[in-house]
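Read through the structure below, which is laid out as structure tokens, and then see the notes.
Residue numbers (this note's numbering), protein chains in the order written: chain W, 703 to 927; chain B, 880 to 1186.
Written out as structure tokens, the structure is:
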């Protein structure tokens, strides 16, 4: 059972780190998507939404190809940290951030879009610069979007399987997250252990979605969770 | 430093065009009136810097705010103009209390400008009981008072007030009007005051601009211009009659009645009429009149105008 406890801990840590790193990156991106008149917007939106439709194995495969130590990016990481990105926790974090990007960006995007232009104008006439308006008008009004985005990103990262398997493998304490542990229990016909982990995940998924619907009070589009 | 606002240029929209050549001396408050859709609100937006598609030149106190000329293109963004606006539709910051809205303005207040204090404004505009309420729970009249207070507390260099009291009841409106008058005369700050209510314009402003269809129709001393506005003809038929109208509201502000006419509403000075009376109205010569403007509802709800 200690192996499973380790997997739970690792999964929670991965989801937490991913959520915390993704939030400050996704916020300005979502703000830009919501307010810029730029024509490049649709293309960027499509790129952001891609993880929703791509099979996780495709994403994992490309990340494996791009981030392995023989490539430029992978080599850069190795020379900076002495470790490879593939089959490591750090690599999983990067993969999860890409995989969960739409789950953070989309709720923020709709929250920012709901900030009325009239209110932004009023703030401008009260001496608030664009930066000031972003931090003191936009962000406070998007609180629900932040809650929704954070919960969905966390939950989605917890449920990640294909990407992890492709570029993380199954290293206890490093990349062996819950979904992989369940998979292995089933492979070794240890159905009881698989059951307890699977039921735990089921309850967790329900609780996090309930949290979103209960407190964020808005309909959330979950295309694939 | 000359206290004047010079605007020359135009704004083109699909269904509306604003054509301006204005040179306003701002040493005393200036009134602005005109029918719904005449461009009053758009003019305020142009001055505040909220209409980036305005082509032309705006200078305020010798400072160029906007110039779309090829050689000297310049645009000062709204937050750097120091213009305080009380929007007709209030535009309070959601998810903040009344106090939060006032603090937002005070934290960004300019040096100099009006010296009214938080206490002055809270008392003068009846906000004491509202301070800790969320803005969502306020009535239209209350929202307007907060918007006005917020604009004042920003200590602007130039105050643009777009029907700031229209949703408040008559008694309160008159008291607040007196209050505004005191503030504006103790420290003469440039004010542009949009209103349909003649008694407000008479009380607060010495100069008046009347707009029609996106341009200035007439301007001059407030008293002189408003005295030209008498266009109701009760019975007699020795004038050229334009149309028939029904009195909707009477006795609202002692001086005027609101008329329902075929093409909307109109305001006229004729105190001895009752709601339901049928009258004939006459068009008065355009150079002296401020007639044919609609009156905003005096009820407690927000009414947004699309001009």
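Note that the Cβ used here is the ideal one computed from N, Cα and C, for glycine as well.
Outcome for residue 1102(B) when other beta-carbon atoms lying within 10 angstroms are tallied against a minimum of 16: Exposed, by the Cβ-count rule.
Is residue 896(B) helix, strand or coil when you go by DSSP? strand
In the region 737–757 of chain W, which residues sit with their C-beta less than 7 Å from some C-beta in chain B, listed in chain order? none
Pair within 8 Å by beta-carbon distance, residue 910(B) and residue 1068(B): No, the Cβ-Cβ distance between residue 910(B) and residue 1068(B) is not below 8 Å.
When DSSP labels each residue in this structure, what does residue 1072(B) get in the three-state scheme? strand
Quick one: measure Cβ to Cβ for residue 847(W) and residue 809(W), integer angstroms, because I've assumed they're closer than 8 Å. 5 Å
For residue 704(W), go through chain B and note every residue whose CB falls closer than 7 Å to its CB, in chain order. Residues of chain B passing the Cβ test: none, with the nearest at roughly 47 Å.
For chain B, is any of its Cβ atoms less than 8 Å away from the one on residue 711(W)? no
For residue 780(W) and chain B, any beta-carbon pair shorter than 8 Å? no
Tell me which residue opens and which closes the alpha helix (DSSP H) that residue 1078(B) is part of. 1077–1083
Taking Cβ-Cβ distances shorter than 9 Å, what residues in chain W pair up with residue 989(B)? 829
Give me the residue from 1049(B), 1036(B), 1084(B), 1048(B) with the minimum Cα distance to residue 1059(B). Comparing C-alpha distances from residue 1059(B) to each of 1049(B), 1036(B), 1084(B), 1048(B) shows the shortest one belongs to 1084(B).
Looking at the structure shown, is residue 1041(B) part of a helix, part of a strand, or coil, going by DSSP? The answer is strand: DSSP assigns residue 1041(B) an E or B state.
Of all Cβ atoms in chain W, is any one closer than 8 Å to the Cβ of residue 958(B)? Interface residue, yes.
Between residue 813(W) and chain B, is the shortest Cβ-Cβ distance under 8 Å, so that the two count as touching? Cβ-Cβ to chain B under 8 Å: no for residue 813(W).
Run down chain B in chain order and give the residues with a C-beta less than 7 Å from the C-beta of residue 842(W). 974
Helix or strand or just coil, what does DSSP make of residue 938(B)? DSSP places residue 938(B) in strand when its eight states are reduced to three.
Can you tell me the Cα-Cα spacing of residue 918(W) and residue 998(B), whole angstroms? 37 Å
Does any CB atom of chain B fall closer than 8 Å to the CB of residue 918(W)? no
Find the residues of chain W that neighbour residue 963(B), judging by a C-beta separation of less than 8 Å, and give them in chain order. For a Cβ distance threshold of 8 Å, residue set 827, 828 of chain W lies close to residue 963(B), ordered along the chain.
Using a Cβ-Cβ cut-off of less than 8 Å, list which residues of the region 1011–1025 of chain B approach chain W; keep chain order. Within the region 1011–1025 of chain B, no residue qualifies.
Where are the alpha helix (DSSP H) runs, 4 residues long or more, that stay fully inside the region 966–996 of chain B, in chain order? 977–986
Chain W within 8 Å of residue 1029(B), Cβ atoms only: Yes, residue 1029(B) lies at the interface with chain W (some Cβ there is under 8 Å from its Cβ).
Quickly, what does DSSP pair residue 1013(B) with across the bridge? List them, please. 976(B)
With 8 Å as the limit, tell me which residues of the region 900–912 of chain W have their beta carbon closer than that to any beta carbon of chain B; keep them in chain order. none
Can you have a look at residue 878(W) and say buried or exposed, based on whether 16 or more other CB atoms are within 10 angstroms of its CB? buried
Taking Cβ positions, are residue 1041(B) and residue 965(B) nearer each other than 8 Å? yes
What residue from 933(B), 1006(B), 1030(B), 894(B) has the CA that sits closest to residue 887(B)'s CA? 933(B)
State yes or no: is the beta carbon of residue 1118(B) nearer than 8 Å to at least one beta carbon in chain W? Because residue 1118(B) carries a pLDDT of 40, less than 50, the predicted location of this residue cannot be relied on, and the following value inherits that uncertainty. No, residue 1118(B) does not count as interfacial toward chain W.
CB contact below 8 Å: residue 1041(B) versus chain W: no
Since residue 893(B) meets chain W, which of its residues come closer than 8 Å, beta carbon to beta carbon? What residue 893(B) touches in chain W: nothing, since even the nearest Cβ is about 17 Å away.
Look at the alpha carbon of residue 790(W) and the alpha carbon of residue 738(W), and state the distance between them as a whole number of angstroms. 37 Å
Determine, for residue 939(B), whether the minimum Cβ-Cβ distance to residues of chain W falls below 8 Å. Closer than 8 Å: no.
If I measure Cβ to Cβ from residue 881(W) and keep anything under 6 Å in the same chain, skipping five residues before and after, which residues do I get? 863
Along the chain, where does the alpha helix (DSSP H) that runs through residue 732(W) open and close? 704–737
What does the alpha-carbon distance come out to for the pair residue 756(W) and residue 830(W)? 41 Å
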